[in-house]
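Novice: Read in our numbering, the sequence shown has 322 at position 101, and its numbers run on one by one without any break.
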Amino acid sequence: MTSLHYDSYTEARAHLKDLLDAAARGQTATLRRDTARAVVIDAERLRDFLTTVTPSRAEVVPEDGGWSVFIPGLPVAADGPTFDAAVDEMVDALRDYAEDWQDRLLDAPNHRENWGLVLLISLSDDDELRRWLTGQAS
């Protein structure tokens, strides 16, 4: 399988279908814009990869008759009266974090390295995030 590369944005735009087809097949598909190189990748392949290299590290603890969920090192936590409710709240909290990251945190020194997590959140539906949080297979 050979890689597919276009040396300009204009050339890539003219061959967008080829880029998308290559990405869907898992082929390396890149383009250059000025001095930057970008890659086109199938979203499901990327999400599956991110779940393997980004373990959730979520901790779920019983607390005051309910449950709390947090991820050490991440300013995100959630509480709920049941385990499932706490996990559902954490999914919402992660979505809020991803939105905040996109809007204002991506350049903050203590958040910029969370881009993989933000991509994982953005590419996952709620059920996929629940499974990721609880360590279940995707």
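Beta carbons: idealized from backbone N, C-alpha and C, even for Gly.
These numbers were taken from a predicted model, which means no experiment stands behind them.
What separation, rounded to the nearest whole angstrom, lies between the Cα atoms of F270 and P302?
Specialist: Mapped onto the sequence shown, residue 270 falls at position 49. Mapped onto the sequence shown, residue 302 falls at position 81. Cα-Cα distance, rounded: 33 Å.
Novice: Tell me whether R254 sits in a helix, a strand or coil according to DSSP, three-state version.
Specialist: The residue labelled residue 254 in the question sits at position 33 within the sequence shown. Strand.
Novice: Within its chain, find whatever has a CB closer than 6 Å to the CB of A250; leave out the 5 residues flanking it on each side and keep chain order.
Specialist: Position 29 of the sequence shown, counted from the start, is the residue given in the question as residue 250. For A250, where only same-chain residues beyond five positions count, the Cβ hits under 6 Å are L225, L240, A243, A244 and V261.
Novice: Just the Cα atoms here: how many angstroms apart are S229 and R258?
Specialist: As a working mapping, residue 229 is identified with position 8 in the sequence shown. As a working mapping, residue 258 is identified with position 37 in the sequence shown. Taking the straight line joining both Cα atoms gives about 10 Å.
Novice: Extract the residue ranges of the alpha helix (DSSP H) inside the segment 267-325, only unbroken runs of 4 or more that lie entirely within it.
Specialist: Complete alpha helix (DSSP H) runs here, min 4: 304-321.
Novice: Would S289 pass as a contact of W353 if the rule is Cβ separation under 8 Å?
Specialist: The residue given as residue 289 occupies position 68 in the sequence shown. The residue given as residue 353 occupies position 132 in the sequence shown. In this structure, W353 does not lie closer than 8 Å to S289 by Cβ.
Novice: Below 6 Å CB to CB, which residues in the same chain sit around D263 once its five sequence neighbours on both sides are set aside?
Specialist: Here residue 263 refers to the residue found at position 42 of the sequence shown. The answer, listed in chain order, is A244 and A245.
Novice: Let me know if W336 comes out buried or exposed under the rule of 16 or more other beta-carbons within 10 Å of its beta-carbon.
Specialist: Here residue 336 corresponds to residue number 115 of the sequence shown, with the count starting at 1. Label assigned to W336: exposed.
Novice: Taking the alpha helix (DSSP H) that L354 falls in, what are its first and last residues?
Specialist: In the sequence shown, the residue the question calls residue 354 occupies position 133. Run containing L354: D347 to L354, per the alpha helix (DSSP H) assignment.
Novice: Exposed or buried, which one is V282 when buried takes at least 16 other CB atoms within 10 Å?
Specialist: Residue numbering aside, residue 282 sits at position 61 when the sequence shown is read from its first letter. With fewer than 16 Cβ atoms within 10 Å of its Cβ, V282 is classed as exposed.
Novice: If we ignore side chains and look at the alpha-carbon of each, how far apart do D347 and T231 end up?
Specialist: On the sequence shown, residue 347 is found 126 positions in, with the first residue counted as 1. On the sequence shown, residue 231 is found 10 positions in, with the first residue counted as 1. One C-alpha to the other measures close to 36 Å.
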